[in-house]
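Novice:
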Amino acid sequence: MGCMLHVTACPIKASNNETPPKNDLPLISLSKVQTLNKSLKTRKAPGLNDISNKVTKCFSLPLLGLLLATFNVCLKNCYPSSPIWKETEVIGIHKPGKLRNLLACYRPISLLSGLGKLFENILKTRFSNHPLRKSLIIDEQFGFQPAHSCPQQALHLVEYITEDFKFKQKTSRSRTTTSSYSHYTQLPQ
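Residue numbers (my numbering): 13 to 201.
1. Please report the straight-line C-alpha distance between I149 and T137, rounded to a whole angstrom.
2. Whose C-beta lies closer than 8 Å to the C-beta of N133 among residues of the same chain, with five residues either side of it excluded?
3. Suppose you measure from the CA of F177 to the CA of S140; what does that come to, to the nearest Å?
4. Work out the CA separation of V67 and L78 for me, nearest whole Å.
5. Going by the beta-carbon positions, is the gap between A159 and I103 smaller than 9 Å?
6. In angstroms with no decimal places, state the Cα-to-Cα distance between P120 and E171.
7. Do you know how far the Cα of L73 is from the Cα of S43?
8. Would you kindly check if the distance between the Cβ of S41 and the Cβ of T54 is under 9 Å?
9. Could you spell out where the alpha helix (DSSP H) holding E101 opens and where it closes?
10. Measuring only the C-alpha atoms, how far is G126 from G59?
11. Rank K110, N61 and L75 by C-alpha distance to the C-alpha of Q46 and give the top, closest one.
12. Which residues mark the beginning and the end of the beta strand (DSSP E) in which R119 is found?
13. Cutting at 7 Å between CB atoms, please list the residues of its own chain near P143, excluding the five before and the five after it.
14. On the DSSP letters alone, give me the boundaries of the alpha helix (DSSP H) that Q157 sits inside.
15. Which term fits S51, buried or exposed, when burial requires 16 or more other beta carbons within 10 angstroms of its beta carbon?
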């Protein structure tokens with residue numbers, strides 16, 4: 013089984029009045045790729061490239077170096093992933109206790125490339141940590157933040173309304189909505 017590795021740049025057309033995007037993310041390190049590569053689940057089916065996670069975990073240091081170079085070129089050129097990594101093979105998994113001759117008795121599963129999943133995992137951790145490091149998200153924002161769950165936000169709203177009832181203040185719908193909404197519309201200074 014041969015593996016063709018090709019690195020391409022994605023040309024970006026920009027008009028004269030646009031400023032180019034600032035890419036201040038550091039390059040991916042070999043240790044990060046090694047750590048995430050070790051954490052891959054080996055019982056997952058491979059995608060169209062037929063490179064299983066079991067094979068990826070056995071990559072030698074030179075192969076991991078080529079993979080790292082590919083990832084860094086994609087990151088440097090603002091190219092989220094190779095189109096080949098996004099091609100899927102859709103298979104049907106039979107639902108237990110159902111007839112085998114009906115199409116509705118199968119659950120469709122998309123098999124994606126393990127290499128693409130590895131790169132997306134690296135991007136996910138980098139892009140979720142970046143706004144937190146730069147303090148771009150206010151503490152009242154509960155979506156997509158660690159240790160900020162939806163039930164906590166609901167509890168926060170209930171406590172806010174309860175405080176108004178304790179002091180016998182009227183809690184109008186507009187006051188509650190405006191106050192709750194303002195947390196999401198204020199930008200950090």
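By construction, the Cβ of each residue, glycine as well, lies at the ideal position given by its N, Cα and C atoms.
Specialist: Let me lay it out:
1. Position 137 of the sequence shown holds residue 149. Position 125 of the sequence shown holds residue 137. Roughly 16 Å between the two C-alpha positions.
2. Here residue 133 refers to the residue found at position 121 when the sequence shown is read from its first residue. When the five nearest sequence neighbours on each side are left out, the beta carbons in the same chain lying within less than 8 Å of the beta carbon of N133 are those of L48, in order along the chain.
3. If you number the sequence shown from 1, residue 177 lands on position 165. If you number the sequence shown from 1, residue 140 lands on position 128. Straight-line Cα distance between these residues: approximately 38 Å.
4. Indexing the sequence shown from 1 puts residue 78 at position 66. Indexing the sequence shown from 1 puts residue 67 at position 55. Taking the straight line joining both Cα atoms gives about 15 Å.
5. Start at 1 with the first residue of the sequence shown, and residue 159 comes out as number 147. Start at 1 with the first residue of the sequence shown, and residue 103 comes out as number 91. No, the pair does not count as a contact, with Cβ atoms beyond the cut-off.
6. By 1-based counting over the sequence shown, the position of residue 120 is 108. By 1-based counting over the sequence shown, the position of residue 171 is 159. C-alpha separation (whole angstroms): 44 Å.
7. Residue numbering aside, residue 43 sits at position 31 when the sequence shown is read from its first letter. Residue numbering aside, residue 73 sits at position 61 when the sequence shown is read from its first letter. Here the alpha carbons of L73 and S43 stand approximately 11 Å from one another.
8. Looking up residue 54 in the sequence shown gives position 42. Looking up residue 41 in the sequence shown gives position 29. No, these two residues do not count as a Cβ contact at 9 Å.
9. Locating residue 101 in the sequence shown gives position 89, where the first residue counts as 1. Counted as a single uninterrupted DSSP element, the stretch harbouring E101 is not any alpha helix (DSSP H) but the beta strand (DSSP E) occupying residues E101 to H106.
10. Taking the first residue of the sequence shown as 1, we reach residue 126 at position 114. Taking the first residue of the sequence shown as 1, we reach residue 59 at position 47. A straight-line Cα-Cα distance of about 7 Å links G126 and G59.
11. Translated into the one-based positions of the sequence shown, residue 46 becomes position 34. Nearest neighbour of Q46 by Cα position, chosen from K110, N61 and L75, turns out to be L75.
12. As a first step, residue 119 must be located in the sequence shown, where it is residue number 107. Residue range Y118 to L123 is occupied by the beta strand (DSSP E) that includes R119.
13. Within the sequence shown, the letter at position 131 stands for residue 143. Cβ neighbours of P143 beyond the five flanking positions: I149.
14. In the sequence shown, residue 157 corresponds to position 145, counting from 1. Per DSSP, Q157 lies in no alpha helix (DSSP H) and is assigned neither H nor E.
15. To locate residue 51, count along the sequence shown from 1; it is residue 39. Under this definition S51 is an exposed residue.
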